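Heads up: the sequence shown at position 345 corresponds to 345 in UniProt numbering, and the numbers run straight through without jumps.
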Amino acid sequence: MSLLHVAVLLPFLYTILVPFFFKKIARVHTGWFVIVVPLLLFVYFLSQFPIQNSQAPIVRSVPWIPSAGIDFTLHLDGLSLLFTLIITGIGCLVVLYSIYYMSMKREALHNFYVYLLLFMGAMLGVVLSDNLMVLYVFWETTSVSSFLLIAYWYQRKNSRYGAQKAMLITVFGGFAMLLGFLMLGSMAGTFSIREIIGMRDVVTSHSLFIPAMLLVLLGAFTKSAQFPFHIWLPDAMEAPTPISSYLHSATMVKAGVYLVARVTPIFGGDMNWFWIITIGGTVTLFWGAFMAIRQTDLKALLAYSTISQLGLIMSLLGIGSLALNPSYSAQIDLFTGAMLAAIFHLFNHSIFKGCLFMVVGILDHETGTRDIRKLGGLMSLMPVSFTLTVIGGLSMAGLPPFSGFLSKEMFFTGVLSVSRTLDQWTVLLPIAAWIASIFTFVYSMILVFKTFTGNYHPDRLDKKPHEAPLGMLISPVILASLVVLVFFFPNLVSYSLLEPTLHSVFPNLLGPGESFSVKIKAWHGLNLELFMTIGIVIIGTLLFRTFKKWMDIYYNLPRKLTLNSFYDRGLAGAENLSSRITSFYMNGSLHSYLSYMFGFLIFVVGGAFVLQGAFGANPAGASPITLYEYILAASIAVLAGFVIFVQTRLTAIIAVGAVGYLVSLMLVIFRAPDLALTQLVVETITTALFLLCFYFLPKLKSETVRIRLRLVNLLISIGVGTVLTLIGISAHSSSQFKPIATYFEDAYKLTGAKNMVNAILVDFRAFDTMLESVVLFTAGIGVYTLIKLRKSRRGSR
């Protein structure tokens, strides 16, 4: 196993130690022990930096399920390195922030950090996996761990609701993505992403290409909160603020973005791929920005802003994918520039949004509220937090001198280039992007100025506000410093990190020795992009100053027609329907349950055999039936029928036992003494246990059974007997496989056991028998525990 595998598995393994630290070393915050993991991983991945453009990816593989073509293969290239640095770097800062944010006395910190490490390991697995099936396993692990993190305060109804919502939507998308992966594997004959990229021509010409594309995009859109699947993200803000900073700004919501970038070499260039991603991203960008303005909770505002920013990144990924379309080979530089802008803004968004979430957590921690209507005038009381909010907020608004300005200008360049290249209605893209950017400016101003300027209202706050402790400020200060540093020195990351990432997204676009143009600068002259930014500032400032005059438009939106309303009504309807269906068949009647099971056997199994023409009889090679066998068969049938009509349990038990003993006698006639002996022992034990149990039950009461019910029982009995008999005859008549009995003929030679049944149970099926023994032992422990608990309760009374 390689260091790359250890890096992925380390967070999972470390979760075993976290409860020990929490319990045994209670005087020290558990986070100090946990921070070791992301710090070590960050240093390890930093040691792989930078990956050169001409360097082949680092690939390490461990066999997992070779027969199904599934190996635990990890590969580290520019794209995965970018994400691993974000996951571990911001993860380290989040853990440091949590040490001062999460209370040692009031919080179950062992659960918090276990869930956090599970999520960290799952995200690393997602961005490093080369095998699609392995990627899916880690993908769903992120859904489960994020569910646990969102529902961390499970005593709150909103936390449970938000966790359930996120789980249902993202897992639904994950199942769709799995189908897409299976289609890709079927088309290419492999689940390796690198190999599928190498077979691009085969995949794109296949009839399953479009269905696979749609299913993969469905998984990516649900995970990255793209319209109309974005509704889970605002409700997920019920999680603790460190979780929101980590999951919903830097990592989990970027998983869908990562997936789109990773499979762009497969689907990119197809116009369906371009239109779906570009339009979906642009709609998400606009709608998220529009809805963010109306929010009064700071975390809800940041949630909708995250949705909007993810839409921006997605739209750029769609535009950049046109670089793989041969029809636009003359505009490759324009479209690779759009892809570079997507990657750059992904990096910028992670740092400035992580900073903003942490500042909002500080405000909540130090004032007791996140309600914008209660805040104001905090600039002099919390100057450091105000400075951090200005840096993060203005970067989000796309203003200089902050890194968000650089990637926003590149975004404008991307949408303008596609509107000039394509002659269709792509002219609407820059218009929509510009309007959405105006709304982005407005909600950024609301975040900065409504919170820290204006009148101070101490009577509305739950706590007397003051600046956060130094430990809580370290993480957002580091992120804010990066925001400023990247603006003044953008090429520190462009050549060393962004260019290798671009080569990972377009591995076969350039020839040997060629490189992409990744030089980033703040000043490009008096161009259209700059005038668009000036217009955003002017109109955005006007809208911000007149916000109270036009905010009524939000109240005119029909609440019953919102996506959240459709989700709630759909979920309630599904619950009611499932409740009715369950109450129909779960009626408390054992007769009904047996009827359902046996009816399933008759109609489904029997019907499948009939449709496939699988029933058949071939008497050739069958042994002749002797008189003794006829007599025994008739005796067994008579005794079995006798059980139905007896009036006492004791007589029924004796009759059933007699049937078992006659079966063992039948085995003796068939010259199977080992089976006969086993049957005798088992029959004796079960008969004794039956007698012991039924001795303590009340006597049977005579009941009047309706004739119709007896007729149903008779039909079910005949049907089950007929189906099983025909299946047995058909199986005996089939000779498609070599009989297994020939293998067990050498049981004595192979195992030294003279009893073939024992040899099968102890040697040939050793693991199966061991697990059965474990199950019986566990059940016995459970029964013993229940008896002890019952006695202890009686004694306490």
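Don't be surprised by glycine CBs; every beta carbon is placed ideally from N, CA and C.
It should be emphasised that the depicted structure is a prediction, and the values quoted were computed from it without experimental measurement.
Where PRO458 falls: helix, strand or coil (DSSP): Within the sequence shown, residue 458 is the residue found at index 458, counting from 1. In the structure shown, PRO458 sits in a helix (DSSP, three-state: H, G or I).
Are three or more beta carbon pairs between the segment 506-519 and the segment 425-440 nearer than 8 angstroms? no
Sorted by chain position, which residues of the same chain lie with C-beta nearer than 6 angstroms to ILE58's C-beta, five sequence neighbours on each side aside? Start at 1 with the first residue of the sequence shown, and residue 58 comes out as number 58. The answer, listed in chain order, is LEU76.
Find the nearest neighbour of ALA342 within the set VAL415, LYS23, VAL537, judged by alpha-carbon distance. To locate residue 342, count along the sequence shown from 1; it is residue 342. For the options VAL415, LYS23, VAL537, the alpha carbon positioned closest to that of ALA342 is the one of VAL415.
TRP275, DSSP secondary structure in three states: By 1-based counting over the sequence shown, the position of residue 275 is 275. Residue state, collapsed to three classes: helix.
LYS749 CB to nearest heavy atom of the ligand HEM below 7 angstroms: As presented, the structure is devoid of all ligands, the ligand HEM included, so that no description of it is given.
Curious, which full-length beta strand (DSSP E) runs of at least 3 residues does the segment 63-98 contain? 70-76
Can you pull the DSSP bridge partners for ARG60? Taking the first residue of the sequence shown as position 1, residue 60 is located at position 60. LEU74, per the DSSP bridge assignment.
Taking the straight line between their C-alpha atoms, what separation do you get for PRO11 and ARG373? In the sequence shown, counting from the first residue as 1, residue 11 sits at position 11. In the sequence shown, counting from the first residue as 1, residue 373 sits at position 373. Between PRO11 and ARG373, the C-alpha separation is close to 41 angstroms.
Restricting to Cα atoms, I'd like to know which of VAL216, ARG790, HIS29 is closest to MET102. Sequence index remark: in the sequence shown, residue 102 carries index 102 (1-based). The shortest C-alpha separation from MET102 is found at HIS29.
Which word fits PHE489, buried or exposed, when buried means at least 16 other C-beta atoms lie within 10 angstroms of its C-beta? Stepping through the sequence shown from its first residue, residue 489 is reached at position 489. PHE489 comes out exposed.
Minimum C-alpha distance to residue 800 - residue among LEU594, PRO400, MET291: Because the chain in this structure spans residues 1 to 797, residue 800 falls outside the shown range and cannot be described.
Cβ atoms of GLU683 and GLY719: under 8 angstroms apart, would you say? The sequence position of residue 719 within the sequence shown is 719, counting from 1. The sequence position of residue 683 within the sequence shown is 683, counting from 1. Not closer than 8 angstroms, so no.
Exposure of LYS463, with buried meaning 16 or more beta-carbon neighbours within 10 Å: Residue numbering aside, residue 463 sits at position 463 when the sequence shown is read from its first letter. Exposed is the call here.
Answer with buried or exposed for PRO152, where buried requires no fewer than 16 other C-beta atoms within 10 angstroms of its C-beta. In the sequence shown, the residue the question calls residue 152 occupies position 152. Note on identity: in this sequence residue 152 is Tyr, with Pro being the wrong assignment. Its Cβ being crowded by 16 or more others within 10 Å, TYR152 is buried.
Sequence-distant residues of its chain with Cβ nearer than 8 angstroms to LEU46 (five each side left out): Position 46 of the sequence shown, counted from the start, is the residue given in the question as residue 46. Excluding residues within five positions, the ones whose Cβ falls inside 8 angstroms are LEU85.
Which runs of the beta strand (DSSP E) fall wholly inside the segment 471-539 and span at least 3 residues, in chain order? Within the segment 471-539, no complete beta strand (DSSP E) run reaches 3 residues.
Reduced DSSP secondary structure (H/G/I, E/B, other) of ASP235: Position 235 of the sequence shown, counting from 1, holds the residue named residue 235. Of the three classes helix, strand and coil, the one that applies to ASP235 here is helix, per DSSP.
Going straight from the alpha carbon of GLY198 to that of PRO558, what length do you get? Here residue 198 refers to the residue found at position 198 of the sequence shown. Here residue 558 refers to the residue found at position 558 of the sequence shown. The alpha-carbon atoms of GLY198 and PRO558 are separated by roughly 50 angstroms.
I'd like to know whether the C-beta atoms of GLY404 and ASN455 end up nearer to each other than 8 angstroms. Taking the first residue of the sequence shown as position 1, residue 404 is located at position 404. Taking the first residue of the sequence shown as position 1, residue 455 is located at position 455. Going by C-beta atoms, GLY404 is not nearer than 8 angstroms to ASN455.
Measuring straight from C-alpha to C-alpha, what distance separates ILE307 and THR453? The residue you call residue 307 lines up with position 307 of the sequence shown. The residue you call residue 453 lines up with position 453 of the sequence shown. If you take the alpha carbons of ILE307 and THR453, they lie about 26 angstroms apart.
Does the separation of the CB atoms of residue 805 and THR413 fall below 8 angstroms? Residue numbering for the chain in the displayed model covers 1 to 797; residue 805 lies beyond these limits and cannot be assessed.
How is LEU247 classed by DSSP in three states: helix, strand or coil? Position 247 of the sequence shown, counted from the first residue, corresponds to residue 247. The three-state secondary structure of LEU247, taken from DSSP, is helix.
How do the segment 361-370 and the segment 277-295 stand: do at least 3 beta-carbon pairs fall below 8 angstroms, yes or no? no
Inter-residue spacing [alpha-carbon to alpha-carbon] between PHE20 and VAL36: On the sequence shown, residue 20 is found 20 positions in, with the first residue counted as 1. On the sequence shown, residue 36 is found 36 positions in, with the first residue counted as 1. Approximately 15 angstroms between the Cα atoms of the pair.
So ARG60 and LEU74 are in contact, right, with Cβ under 8 angstroms, and what is the actual spacing, rounded? Locating residue 60 in the sequence shown gives position 60, counting from the first residue. Locating residue 74 in the sequence shown gives position 74, counting from the first residue. Correct: roughly 5 angstroms between the Cβ atoms.
Expressed to the nearest angstrom, what Euclidean distance is found between the alpha-carbon atoms of THR88 and THR142? Residue numbering aside, residue 88 sits at position 88 when the sequence shown is read from its first letter. Residue numbering aside, residue 142 sits at position 142 when the sequence shown is read from its first letter. Their backbone Cα atoms lie some 15 angstroms apart in a straight line.
Give the C-beta separation of ALA397 and PHE411 to the nearest angstrom, bearing in mind that I take them to be a contact with Cβ-Cβ under 8 angstroms. For the purposes of this step, residue 397 is taken as the residue at position 397 of the sequence shown. For the purposes of this step, residue 411 is taken as the residue at position 411 of the sequence shown. Actually they are not in contact, since the Cβ atoms of ALA397 and PHE411 sit about 13 angstroms apart, beyond 8 angstroms.
Check for me: the alpha helix (DSSP H) holding VAL127 runs from which residue to which? Position 127 of the sequence shown, counting from 1, holds the residue named residue 127. Run containing VAL127: 109-128, per the alpha helix (DSSP H) assignment.
Coil, strand or helix - ASP333 by DSSP: If you number the sequence shown from 1, residue 333 lands on position 333. Of the three classes helix, strand and coil, the one that applies to ASP333 here is helix, per DSSP.
Could you round the C-beta distance between HIS248 and LEU233 to whole angstroms and report it? I think they count as a contact, below 8 angstroms. Position 248 of the sequence shown, counting from 1, holds the residue named residue 248. Position 233 of the sequence shown, counting from 1, holds the residue named residue 233. Contact holds; Cβ gap of about 6 angstroms.
Can you tell me which of SER579, SER504, ARG569, PRO401 puts its alpha carbon nearest to the alpha carbon of LYS521? Here residue 521 refers to the residue found at position 521 of the sequence shown. Looking at SER579, SER504, ARG569, PRO401, the one whose alpha-carbon comes closest to that of LYS521 is PRO401.
Just list the residues that DSSP pairs ASP297 with in beta bridges. The residue given as residue 297 occupies position 297 in the sequence shown. In the DSSP output, where bridge partners are listed per residue, ASP297 has ASP371.
Extent of the continuous alpha helix (DSSP H) to which TRP425 belongs: Mapped onto the sequence shown, residue 425 falls at position 425. Counting along the chain, TRP425 sits inside no alpha helix (DSSP H), nor does DSSP assign it H or E at all.
Short check: CB of LEU79 to CB of THR421, under 8 angstroms? The residue given as residue 79 occupies position 79 in the sequence shown. The residue given as residue 421 occupies position 421 in the sequence shown. Their beta carbons are not under 8 angstroms apart, which means LEU79 does not touch THR421 by this criterion.
Is DSSP giving SER595 helix, strand or coil here? Numbered from its first residue, the sequence shown carries residue 595 at position 595. Correct three-state label for SER595: helix.
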